[in-house]
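Undergrad: Would you mind keeping the following structure in view while I ask a few things?
In structure tokens form, the structure reads like this:
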């Protein structure tokens, strides 16, 4: 009996061990809005290009407050990003109800990682979205990147979405651990502008150790010079 | 062992990260009735072409009251549009029962977005329908578009269904934030007529800040000159 | 890795957005008995060809009383039509038990529409049957067509099944809102005869505003001249 | 992307609207024992060829008492026929327990129809068996044929299984509504003999208005001349 | 759209109405041990070849007591035969507990038939085993064959497994309804020896009306001359 | 319609009635450690080659105590063998809790057989492991082999895993029902050495009627001469 | 009927008995970080290369404390490794709650083995991660490797991930059961450096009999010379 007559099984790995659908989902992330996160010891900003839309349509929100002290942003399919944000908000509320304390940034990232990972094991669709989470907790101002595969990283400079390689280079080259909020906003804007050719807005969220509050900057920044 | 002998898994993404069935569902939306929404600060209208039917058959309703202060319209498979409307009405009722207050327009859009998104994750059929939701709530008169993928946008001018590109251009070109109800109806009618060649009726729904009530205009408008 | 090696997902849409199985189910409907509905303000009739059977076999019933004030007919796979009728009767009984009032014609059609729509979303068989529902309720005598996809229409003249285009033309050409019951029966019979070449019986059901009762005409009408 | 790369869905309809597996199941029925039913106003008989078996093996029973007043026969896969009989007996018992009255013949047929229809909707095997049901109830002596698709017919003369066309012609040609039990048995035997070439037994069941009892004739009839 | 692009459904029937997997399962049965059953009015024997095994391995049991008055044997996959025996024993115990009486042979066969039939309807493996059941109950000494498809037969002489055609011919040729136990054992042994070329043991079980007990003969019979 | 367009069903049997996946699982067993069991009336030993590992890695255990009086060994995928051992231990504990007596060897084998058989019926993976079970119970010292298909055998000499044919021949040739424990160990070691070319350890377990205890020999035996 | 027309079943084994997806998952493990474990009678270390990341991104943690006395490391998909760690921590907590004592190293390994094995039986994704577990329990300092297939080994020197063969050779060549902690760290570092060409950090965890505590070394070791 020839092997092609043997039947067919649900499979997940290609012959080299690659997770086929998870890798395809990354392609969706890589076509998303250019999105970055930068932090110093006391301040973190999240910034994301608001993709240009038709004249009378507001661009989709890209910086999402999760809890008083916690915010997130994402790149990839909008519906999938919204799903992640919904999950993060749910976890933050559950944590407050269960432990009567705010969800720390690491636990938030682990919960999101675990949530995304489930979608890679069963015959459902792995979500096509990565995210950056920033917040202030008793350990200080923290920032994590959580990928569509459920992998997460802690760090001071992240970029996801279209042209993430190039914008991360900008951040690495000009990063300085003593930057002020103004410096961070300026660097984040520059990193995104290095990728986006045409005029587009940038939405920015900030959390600082002094206030322990995550908030969006009220006016999005124009990339047009 | 050759890779074509490896078995087969349910998959959702094509190699470039596109969601294959969701994109096909968009094709169904793009063949639907030309449907638009326009709003100023105080008034929003929803308008949709009533596809011509046989002489003794009433065209299918296209403007749906959801709650006193809230209405919606849609384009795509009629059965799928009806399903969305049913879901919106259910959410509006649940909100009143749970919170004793009307469902605000943003929450309605988020609920619908989340509902549509579920159908993109599992091995079921993604719905082939987009919708525009308009209503009056404590934040004013608001309008959202929710797509078949679960993505939503806030805005002052939307068009979905057949020829949506062309009718959106008409709206953008002639839109003026100070338009009266008469102006809005006139512009919406013109935007739809720019696409539909032959005689067909247009059904229109209106919600204004002053009344906080969503209602259909009693007489559909004839596109025939 | 070649795309044909990517695996296979359950799919529902063809590349142009068509619902493949639902369209095939329509083919089954289009081979069913020629079936019509006509109404004036005060009277509605449903009529369906009884397909000729062997000498000693009674033709299958085609006009189904649903409740005192409500009746239906259908075209397509007999087993599927019977399933719809069963569902309509169940809904009518549930409505009486829950609200202590007869099910209105619009709600009956919406319930059936929603029931049929479910079969288009999951990996089950979409039903291969369309139906026409007529009844008398506080809004008057009403008539709806519900298609195999879950779409429904309100109107005064419908035709489904084999040759429905031709019989609908007959109805449209000769329809007159002032027709008597005799006129309606005569027109319905003519519309069906225009399609069926050979001798066959026609079963007819009637509901009028004055009696608020749906009943079959006692003697089926012979199409043979 | 080529359409053959789109994935695969469970499907039920062929492009012309035919139910592929249900039609194949009919092929199984058409290879079953020649089986007939004939009735007058007061008497019904069911008769089925007992397929010749090896010398020491009893042929499988083909006439099944369902309740005192009700019997059935079937053609197709023996295991499937047995399943139907089991279902009918269950329904008859449930009816007596629930309503304290015998199951009428029409309801029995509708229940069986509905049972068979379920197997055509989901990804299970449609049963490969048709049946004829006869009984005496307050409406008189009644007889129904229920097909593998869930379709049922009422009538005075039915034939299913191998050569059913030919045996139904014999019945139609010689049927007379005034036939006695002896005439019915003679005609039923002749109809089956017209198909079966070699010697085989015929099992016969009878129900009459006078006794309201379904019973098998004690001696099967030999087809050999 | 080409038909090969339509998708794929679970299917059970081939185009001629054959049950593909059930027919393949029969191939497994036909490669099993040669197994027979013979009965007169008062005595039944079951006999099965014990397939030769390696020197230090006991051949698998082939005659299975089910209850005091009931025994069974089988041919096909050993694991599947064991499953059937387990099911029969369970039914016998349940019957005693529920009705306080021994399970009659016909009901045992019907229960097993129904159990096997379930495996032919769903997307699971039809069992690859047939069996012969013999016992003494108030109706006398009875014997049934139950096939892998769920079909069952009553009779006085059965053969299943490898060469069943040839051994059944031996039984039919020499069967005599007045045979003593010794005659039956002798005939059963001869029927099996007609198929098995090399030396192998035969296990035999007996049930008689006088004792109403099923028991294995203590010494298996050698086929070697 | 061509048969390759008919759809696809889960299938288990090849056209000759072979269980495709179960046969492939046997290939995994046949590549496992050479493993044997030998018993006399009063003593049973289980012995298995410990596959050579890297210098600092202990070879995986191959002789598993199940209960005081019961032990087992296995060949095939280590994970699958461990699963079987877990199941046997669970059954032994359940038996003690339910019946307050040790699990007899035959019942242990039947339970394991039934457990393995389940994996051959549904669309899951049949386990790739065979086992030999030995113990002392009121019927004496008993030994069974249970195969990956759920088939089991009782005997005095078994061999499974790589080269099982050759080692079983050694056992059969030199077996003597009066062998002492030393003889059994010597024969078992020789049977395994006949297959394994290079130096490897052999783990041995013993159960005897006098002690009714299953225990591993403390020092594994070196195959190197 | 040709065999390629027979239908398709989920399958797990290739024709030679290989578990296709489990083998592919191993490829993912073999591309993971070089990770080792070495132990003497009283001390065990786990060490893993921290894969170099972008400048502002912290490398992912590779040494995971499980409980006071127990730690683990892993190689393969990060999301899968995290899942294993989560499972180990859960088991450790459950053990403390149920038995009021710390989980011993062997039971931890068996639980993880059983957990991983489940993913190889059903139509889900086998996890692409192997792990090394070390801890101190009443039996001393113990170390186990648990593979992606659910197989586990006990030992004094393990290597998994990229270049595991080469680093294991280094360990085997220079291992000495009397090594001090400093020797172990030095050897582990050398074994990893033998594989990793470029500068990368190594994270190290230690558990010793004297303290019965598992702890990470505070400063990762630089591989750069």
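Residue numbers (the working numbering), protein chains in the order written: chain X, 66 to 290; chain D, 66 to 290; chain H, 66 to 290; chain U, 66 to 290; chain E, 66 to 290; chain G, 66 to 290; chain S, 66 to 290. Here a beta-carbon is modelled for each residue, glycine too, at the ideal position from N, C-alpha and C.
(1) Report the rounded CA-to-CA distance for residue 173 of chain G versus residue 283 of chain G, giving the unit in angstroms.
(2) What's the gap between the Cα of residue 253 of chain S and the Cα of residue 230 of chain S?
(3) Residue range of the alpha helix (DSSP H) that residue 177 of chain D falls in?
(4) Helix, strand or coil for residue 274 of chain D? Go by DSSP, reduced to three states.
(5) Excluding the 5 residues preceding and the 5 following residue 131 of chain S in the sequence, name in chain order all residues of the same chain whose CB lies nearer than 6 Å to its CB.
(6) Does residue 239 of chain D have its Cβ less than 9 Å from a Cβ in chain X?
(7) For the stretch 198–224 of chain U, which residues have a CB atom closer than 8 Å to at least one CB atom of chain B, in sequence order?
(8) Give the DSSP-derived three-state secondary structure of residue 84 of chain U in the structure shown.
(9) Are there any heavy atoms of the ligand SAM lying less than 8 Å away from the beta-carbon of residue 280 of chain U, as far as the coordinates show?
(10) Measuring CB atoms only, is the stretch 86–94 of chain S touching the stretch 106–119 of chain S, in the sense that at least three cross pairs come out at less than 8 Å?
(11) Can you confirm whether residue 186 of chain X, when its beta carbon is compared against all beta carbons of chain S, has any partner nearer than 9 Å?
(12) From the beta carbon of residue 77 of chain D, is the nearest beta carbon of chain X less than 9 Å away?
(13) Using the Cβ count rule (16 or more neighbours within 10 Å means buried), how would you classify residue 221 of chain X?
(14) Grab me the residues of residue 218 of chain G's own chain with a C-beta within less than 6 Å of its C-beta, minus the 5 sequence neighbours each way, in chain order.
(15) Taking 9 Å as the threshold (beta carbon to beta carbon), is residue 83 of chain D in contact with chain X?
(16) Compare the beta carbon distance of residue 193 of chain S and residue 82 of chain X with 9 Å and say whether it is the shorter of the two.
(17) If residue 268 of chain E sits next to residue 128 of chain E, beta carbons under 8 Å apart, how far is it from one beta carbon to the other, in whole angstroms?
(18) Please report how far the alpha carbon of residue 212 of chain D lies from the alpha carbon of residue 94 of chain G, in whole angstroms.
(19) Does the distance from the C-beta atom of residue 216 of chain E to that of residue 125 of chain U stay below 9 Å?
(20) Just verifying my parser: in three-state terms, what is the DSSP assignment at residue 151 of chain D?
(21) Spatial neighbours of residue 235 of chain E within its chain, please: CB distance less than 7 Å, with the 5 preceding and 5 following residues excluded, ordered by chain position.
(22) Go ahead and label residue 163 of chain E buried or exposed: buried means 16 or more other beta carbons lie within 10 angstroms of its beta carbon, across all protein chains shown.
(23) Give the DSSP-derived three-state secondary structure of residue 144 of chain X in the structure shown.
(24) Give the DSSP bridge partners of residue 100 of chain D, in chain order.
(25) Is the CB of residue 92 of chain H under 9 Å away from at least one CB in chain D?
(26) Would you report the Cα separation of residue 123 of chain U and residue 161 of chain G, rounded to the nearest angstrom?
(27) For residue 195 of chain U, count the other beta carbons within 10 Å of its own beta carbon; 16 or more makes it buried, fewer makes it exposed. Which is it?
(28) Anyone know if the C-beta pair for residue 134 of chain E and residue 147 of chain U falls short of 9 Å?
(29) Would you mind telling me which residues of chain S sit closer than 9 Å to residue 226 of chain G, beta carbon to beta carbon, in chain order?
(30) Under a three-way DSSP split, which group does residue 215 of chain H fall into?
(31) Run through chain S and tell me which residues come within less than 7 Å of residue 189 of chain G, C-beta to C-beta.
(32) Between the stretch 138–156 of chain X and chain D, which residues of the former have CB atoms less than 8 Å from a CB of the latter, in chain order?
(33) Cβ of residue 281 of chain H less than 9 Å from any chain U Cβ?
(34) Under 9 Å between C-beta atoms, does residue 120 of chain H make it to chain U?
(35) Just mark residue 165 of chain X as buried or exposed, buried being the case when its beta carbon has 16 or more other beta carbons within 10 Å.
(36) Judging by CA-CA distance, which residue of X/121, X/85, X/108, X/86 is the nearest neighbour of residue 233 of chain D?
TA: In short, the structure shows the following:
(1) Taking the first residue of the sixth chain as position 1, residue 173 of chain G is located at position 108. Taking the first residue of the sixth chain as position 1, residue 283 of chain G is located at position 218. Whole-angstrom Cα-Cα distance: 25 Å.
(2) What you label residue 253 of chain S is simply residue 188 of the seventh chain in a count that begins at 1. What you label residue 230 of chain S is simply residue 165 of the seventh chain in a count that begins at 1. When rounded, the distance between both Cα atoms is 14 Å.
(3) Counted from its first residue, the second chain places residue 177 of chain D at position 112. Run containing residue 177 of chain D: 170–186, per the alpha helix (DSSP H) assignment.
(4) Position 209 of the second chain holds residue 274 of chain D. Residue 274 of chain D falls in the coil class under three-state DSSP.
(5) By 1-based counting over the seventh chain, the position of residue 131 of chain S is 66. Closer than 6 Å at Cβ, skipping near neighbours: 137, 153, 154, 157.
(6) For the purposes of this step, residue 239 of chain D is taken as the residue at position 174 of the second chain. Taking Cβ atoms only, chain X never reaches closer than 9 Å to residue 239 of chain D, which makes this a no.
(7) Of the protein chains in the structure, X, D, H, U, E, G and S, none is chain B.
(8) Along the fourth chain, one-based indexing puts residue 84 of chain U at 19. Correct three-state label for residue 84 of chain U: strand.
(9) Absence of the ligand SAM is noted for the structure shown, with no ligands found whatsoever.
(10) no
(11) Within the first chain, the letter at position 121 stands for residue 186 of chain X. With 9 Å as the cut-off, residue 186 of chain X counts as an interface residue toward chain S.
(12) Position 12 of the second chain holds residue 77 of chain D. Cβ-Cβ to chain X under 9 Å: yes for residue 77 of chain D.
(13) In the first chain, counting from the first residue as 1, residue 221 of chain X sits at position 156. By the 10 Å Cβ count, residue 221 of chain X comes out buried.
(14) For the purposes of this step, residue 218 of chain G is identified with residue 153 of the sixth chain, where counting begins at 1. Correct list, in chain order: 210.
(15) Counted from its first residue, the second chain places residue 83 of chain D at position 18. Yes, because at least one Cβ of chain X sits closer than 9 Å to the Cβ of residue 83 of chain D.
(16) Translated into the one-based positions of the seventh chain, residue 193 of chain S becomes position 128. Translated into the one-based positions of the first chain, residue 82 of chain X becomes position 17. Taking 9 Å as the Cβ cut-off, residue 193 of chain S and residue 82 of chain X qualify as a contacting pair.
(17) In the fifth chain, residue 268 of chain E corresponds to position 203, counting from 1. In the fifth chain, residue 128 of chain E corresponds to position 63, counting from 1. Rounded, the Cβ-Cβ distance is 5 Å, consistent with contact.
(18) The residue given as residue 212 of chain D occupies position 147 in the second chain. The residue given as residue 94 of chain G occupies position 29 in the sixth chain. About 54 Å.
(19) Here residue 216 of chain E refers to the residue found at position 151 of the fifth chain. Here residue 125 of chain U refers to the residue found at position 60 of the fourth chain. Taking 9 Å as the Cβ cut-off, residue 216 of chain E and residue 125 of chain U qualify as a contacting pair.
(20) Within the second chain, the letter at position 86 stands for residue 151 of chain D. In this structure, residue 151 of chain D counts as helix in the three-state DSSP scheme.
(21) By 1-based counting over the fifth chain, the position of residue 235 of chain E is 170. Excluding positions up to five away in sequence, the list reads 255, 256, 259.
(22) Along the fifth chain, read from residue 1 onward, the residue named residue 163 of chain E stands at position 98. It counts as exposed.
(23) Taking the first residue of the first chain as 1, we reach residue 144 of chain X at position 79. Helix.
(24) In the second chain, the residue the question calls residue 100 of chain D occupies position 35. D/113, D/225.
(25) Counting from 1 along the third chain, the entry for residue 92 of chain H is found at position 27. It does not: the Cβ of residue 92 of chain H has no partner Cβ on chain D nearer than 9 Å.
(26) As a working note, residue 123 of chain U is residue 58 in the fourth chain. As a working note, residue 161 of chain G is residue 96 in the sixth chain. One C-alpha to the other measures close to 48 Å.
(27) As a first step, residue 195 of chain U must be located in the fourth chain, where it is residue number 130. Classification of residue 195 of chain U: buried, given that the 10 Å Cβ count is 16 or more.
(28) Stepping through the fifth chain from its first residue, residue 134 of chain E is reached at position 69. Stepping through the fourth chain from its first residue, residue 147 of chain U is reached at position 82. No; because the gap between Cβ atoms is not below 9 Å, this pair is not in contact.
(29) Along the sixth chain, read from residue 1 onward, the residue named residue 226 of chain G stands at position 161. The premise fails here: residue 226 of chain G is roughly 12 Å from chain S at the closest Cβ pair, so nothing lies under 9 Å.
(30) Here residue 215 of chain H refers to the residue found at position 150 of the third chain. In this structure, residue 215 of chain H counts as coil in the three-state DSSP scheme.
(31) Indexing the sixth chain from 1 puts residue 189 of chain G at position 124. Per Cβ cutoff of 7 Å: 186, 187.
(32) 142, 143, 144, 145, 147, 148, 151
(33) Taking the third chain and counting its residues from 1, one reaches residue 281 of chain H at position 216. So, not an interface residue.
(34) The count along the third chain starts at 1 and reaches residue 120 of chain H at position 55. So, interface residue.
(35) As a first step, residue 165 of chain X must be located in the first chain, where it is residue number 100. Exposed, by the Cβ-count rule.
(36) Translated into the one-based positions of the second chain, residue 233 of chain D becomes position 168. The candidate whose alpha carbon is nearest that of residue 233 of chain D is X/121.
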